[in-house]
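Reviewing the structure listed below.
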Amino acid sequence: MHQYLFFIGDFPIRAYGLVLSLSIILATGVAYFLAKQDGRWHNHIADLGIYCGLGGILGARLWDVFFFDWSYYQNHLTEIFNVWQGGMAIQGGVLLGSIVGIIYTKRHKIDTWAMADIMAPAIILGQALGRIANLLNGDAFGAPTGTAFGIIYPVTTLAYQTYGNQPLWPAEVWEGQLDIVIFALLLIFRSSKHAKGQAFILYTMLYSIARFFLEYLRGDYNNLVFGLFKSAQMTSLLVFLVGFILFIYVGWQEKKTSPALAAIDKNKPKKKIRTNTKSS
6 MHQYLFFIGD
16 FPIRAYGLVL
26 SLSIILATGV
36 AYFLAKQDGR
46 WHNHIADLGI
56 YCGLGGILGA
66 RLWDVFFFDW
76 SYYQNHLTEI
86 FNVWQGGMAI
96 QGGVLLGSIV
106 GIIYTKRHKI
116 DTWAMADIMA
126 PAIILGQALG
136 RIANLLNGDA
146 FGAPTGTAFG
156 IIYPVTTLAY
166 QTYGNQPLWP
176 AEVWEGQLDI
186 VIFALLLIFR
196 SSKHAKGQAF
206 ILYTMLYSIA
216 RFFLEYLRGD
226 YNNLVFGLFK
236 SAQMTSLLVF
246 LVGFILFIYV
256 GWQEKKTSPA
266 LAAIDKNKPK
276 KKIRTNTKSS
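Residue numbering for the sequence shown follows the numbering used here, beginning at 6 and increasing consecutively.
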């Protein structure tokens, strides 16, 4: 586990930044493949990857700063954008990244829900790779296991500064593995008949479930909201509930509109086929 891969003079090349960049590039590549397979909008994927990637990084950082660590950053304003210190909340990343994606699709007259369905597996794959960056950086770490089992982080990491040489639950490793499972489930779901928008909504629901339970193993944020759940758990509950309602709603809308469209097609006057009856 190395935070610094090498130095160019006094400038460090951090494993966190390199792996995070690779996760965005590879996720964009997967989204391009899926869009090409779908036959629509693949020429927009590179731009979407750049804009949504940058929006995701900014949203993840600001969410962490203002919702999790404001007590620290209000006295260290110059460190707000020091993402290499750790502190990126994926909920904020998905939120701002999605907003950027919506703006882009509206400006280019692209079906937003359909594009979201295409990109959903790529997004969760990017998250899975991003957790490798967290592991190498020693953030998003677990709580002490209380046994000899667990990860012991180097002294330079936030995890070590928080818990010393205690073995910690491999929370970020397990989350990355669950993200891969969600990636596979989304590919399977997309291959079946579903309403437009349901693949993206299912992504938010599955990740929310995984994140809710993994938070019991996390050791970086322990403050409870209303004495019940951590902030990330409250967010996960809200996203799951909204997602569940939307999943049912878009499915109902699909069933409602399909017969109507079929009826319209059925009642369209058929073109008469002209035949040449003249004999030679």
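Cβ atoms here follow ideal geometry from the backbone N, Cα and C, with glycine treated the same way.
Check: Apart from the five residues just before and just after I115, which ones in its own chain have a Cβ nearer than 6 Å to its Cβ?
Finding: Answer for I115: W46, listed in chain order.
Item checked: Buried/exposed call for R19, threshold 16 Cβ in 10 Å -> R19 should be labelled buried.
Check: Helix or strand or just coil, what does DSSP make of Y21?
Finding: Three-state result, Y21: helix.
Margin query: Strictly by DSSP, which residues pair up with F16?
Written below: In DSSP, F16 forms a bridge with I13.
Note to self: Is A121 close to chain D? Criterion is C-beta to C-beta, closer than 7 Å.
What the structure shows: The displayed structure is made up of one protein chain only, and chain D is not part of it.
Check: Does the distance from the CB of A138 to the CB of Y21 come in under 7 Å?
Finding: In this structure, A138 places its C-beta atom within 7 Å of the C-beta atom of Y21.
Note to self: Short of 8 Å in beta carbon distance, which residues of its chain neighbour L242, apart from the five on each side in sequence? Order them along the chain.
What the structure shows: The residues are S213, F217, F234.
Notebook entry, point to check: For I156, which beta-bridge partners are listed by DSSP?
Noted result: For I156, which the question treats as bridged, DSSP gives the partners L173.
Check: Which residue's Cα is closest to the Cα of L191: F205, Q182, I250?
Finding: Cα-wise, what sits closest to L191 is F205.
Check: Mapping DSSP to helix, strand and coil, what is L251?
Finding: Here L251 sits in helix by DSSP.
Notebook entry, point to check: Where does L289 fall in DSSP's three states?
Noted result: As shown, the chain starts at 6 and ends at 285. That puts residue 289 outside it, with no answer to give.
Check: From L23 to F73, what distance separates their C-alpha atoms?
Finding: Rounded to whole angstroms, L23 to F73 spans 25 Å at the Cα level.
Next item on the list: Evaluate D69 with the Cβ neighbour count: other Cβ atoms within 10 Å of its Cβ, from every protein chain shown; 16 or more gives buried, anything less gives exposed.
Entry: So D69 counts as buried.
Margin query: Spatial neighbours of L130 within its chain, please: C-beta separation below 6 Å, excluding the five flanking residues on both sides.
Written below: Here the set comprises A32, V35, F188.
Checklist line | Length of the line joining the Cα atoms of K261 and K198 | finding: Straight across, the Cα-Cα distance linking K261 with K198 is about 15 Å.
Notebook entry, point to check: Hey, which unbroken runs of the alpha helix (DSSP H) at 4 residues or more fall wholly within the region 169-215?
Noted result: Correct list: 176-195.
Notebook entry, point to check: Looking only at its own chain, which residues have a Cβ that is under 8 Å from the Cβ of Q258, when we skip the five neighbours before and after it?
Noted result: Contacts found: A200.
Check: With G60 and I29 assumed to form a contact (beta carbons below 8 Å), what rounded beta-carbon distance in angstroms separates them?
Finding: About 11 Å; that fails the 8 Å criterion.
Next item on the list: Measuring alpha carbon to alpha carbon, tell me which of L141, Y221, R112, L100 ends up nearest A148.
Entry: Ranking L141, Y221, R112, L100 by CA distance to the CA of A148 puts Y221 first.
Margin query: Does R136 come out as helix, strand or coil in the three-state DSSP assignment?
Written below: In the structure shown, R136 sits in a helix (DSSP, three-state: H, G or I).
Check: To which residues does DSSP link G224 through a beta bridge?
Finding: G224 pairs with nothing; no bridge assigned.
Next item on the list: Tell me P149's beta-bridge partners as DSSP assigns them.
Entry: Residue pairing of P149 in beta bridges, as defined by DSSP: L173.
Checklist line | Residues that K235 bridges to, as DSSP identifies them | finding: According to the DSSP secondary-structure assignment, K235 is paired through a beta bridge with L229.
Check: From P159 to Q238, what does the alpha carbon distance come to, in whole angstroms?
Finding: Put simply, the backbone Cα of P159 is about 28 Å away from that of Q238.
Next item on the list: Kindly give me the distance between the Cβ atoms of A125 and Y208, rounded to whole angstroms, as I take these residues to be in contact under 8 Å.
Entry: Confirmed, about 4 Å.
Next item on the list: Output the boundary residues of the alpha helix (DSSP H) element that contains W68.
Entry: 50-68 is the extent of the alpha helix (DSSP H) around W68.
Checklist line | Proximal residues to Q171 (C-beta, below 7 Å), its chain only, five neighbours per side dropped | finding: Closer than 7 Å at Cβ, skipping near neighbours: P149.
Checklist line | Extent of the continuous alpha helix (DSSP H) run through W46 | finding: From DSSP, W46 is part of no alpha helix (DSSP H); its letter is neither H nor E.
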